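Contents: one structure, followed by commentary.
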Amino acid sequence: MWLIILTSAYLLLWNESTSILAANENLSAAFEELILANGWAAWSIFPYVAANIGFWFTAIVCDVYSTTFSSTSSHVVYCNKSRSSRKKEGNVTIASELGNAFLTTVIGQGLNVTIGKSFFQSLGTAPVTMLPDFRTFLVQFALMVTLFDFAVYFQHRAGHTDIMWRFHQTHHANVTPIGLSTATLSVVEEIELATCVYLSALIVQPHPVTYACSIAGILSDLVIVHTGLDCQWLKILSLRFLPGRAEVHMHDHHHMYSDGKGGKNFGSFFWIWDYMFGTLAHTSR
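Numbering (this note's numbering), first residue to last: 35 to 319.
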């Protein structure tokens with residue numbers, strides 16, 4: 035939920051009247067030391083925590099809302115079938131998806147903890163300030179999520195070829211996914227997605243704070259496109275009113291109609307890549 039992530043970051047870190055760093059000198063000094071040390075905390079621990087917050091907060095909010103509080107009008111509908119009936123047919127529940135989600139995000143993300151520090155230290159661009167300028171933060175955040183989605187477009191499209199489908203079909207086991215289904219991935223695909231993150235970071239070379247928030251934003255938005263929720267509050271919180279943003283129903287269409295012989299709507303965050311490369315499906319809610 036990009037709006038929550040960006041607003042929370044501003045209020046907690048940059049805004050002088052609400053910043054937790056401005057209110058506590060000891061905390062500010064400790065945080066500055068960890069960031070400027072350019073080590074495990076800055077490039078491994080903080081991103082790991084941010085990734086899990088981005089994933090779990092979004093998945094729990096969306097999946098509980100979808101299951102408990104939302105009406106049929108809040109969901110994507112295809113073939114005159116409600117999404118709840120489609121989930122029942124596929125036996126997709128929060129309980130059924132919880133195990134895979136835990137393995138991928140809590141345990142699988144541990145790989146990034148071991149790699150992160152060495153990767154960013156090898157770039158030779160250690161942070162020189164505790165926080166970047168807020169405008170720089172916004173630009174780097176936008177670049178990180180955009181470049182990641184561009185890289186994932188090709189990674190995702192390759193996954194729908196004969197050679198790579200064997201690894202991607204794990205994710206397509208659920209034709210009607212929920213937020214937690216985002217983490218149903220093969221080990222190979224986890225490595226591919228992590229590579230897309232590092233390629234984006236190689237180009238942007240973000241500040242550690244920006245990097246952690248970007249990871250939270252990436253995981254959060256990947257969850258949202260799997261929820262099947264097509265409601266105004268979620269569009270606002272995920273900034274889907276911005277030009278070029280892919281709607282949730284586009285990825286829902288992808289899961290229903292794509293297989294190992296090809297597909298449509300490979301972009302998760304933006305539809306522009308699908309438009310440019312001829313894989314955009316004009317779907318309706």
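Glycine is no exception: its CB is placed at the ideal position from the N, C-alpha and C atoms.
Remember, predicted model here, so these are calculated numbers, not experimental data.
{"query": "Determine the direct distance from the alpha carbon of Val186 to that of Leu227, and round the result to whole angstroms.", "result": "7 Å"}
{"query": "Just curious, the alpha helix (DSSP H) that Tyr187 is in, first and last residue?", "result": "168 to 192"}
{"query": "Note down, in chain order, each residue of its chain lying with its Cβ closer than 6 Å to the Cβ of Gly193, except the 5 sequence neighbours on either side.", "result": "His202"}
{"query": "Pairs of beta-carbons, one from the region 244 to 254 and one from the region 78 to 97, closer than 8 Å: are there three or more?", "result": "yes"}
{"query": "What do you reckon, are the CB atoms on His285 and His260 nearer than 9 Å?", "result": "yes"}
{"query": "DSSP three-state call for Asp308: helix, strand or coil?", "result": "helix"}
{"query": "Can you grab the Cα-Cα spacing for the pair Leu214 / Ala63, in whole Å?", "result": "37 Å"}
{"query": "How long is the line joining the alpha carbons of Trp307 and Arg274, rounded to whole angstroms?", "result": "16 Å"}
{"query": "To the nearest angstrom, how far is the alpha carbon of Leu271 from that of Leu177?", "result": "19 Å"}
{"query": "May I ask you to report which of helix, strand or coil DSSP gives Leu263?", "result": "strand"}
{"query": "Among the residues of its own chain, which have a CB less than 7 Å from the CB of Thr92, if the five just before and after it don't count?", "result": "Met35, Gly213, Ser254, Val257, Ile258"}
{"query": "Need the endpoints of the alpha helix (DSSP H) that Tyr82 sits in, please.", "result": "80 to 98"}
{"query": "Cα separation between Val238 and Ser152?", "result": "17 Å"}
{"query": "With a threshold of 8 Å, are at least 3 pairs of Cβ atoms found where one atom belongs to the region 64 to 71 and the other to the region 157 to 169?", "result": "yes"}
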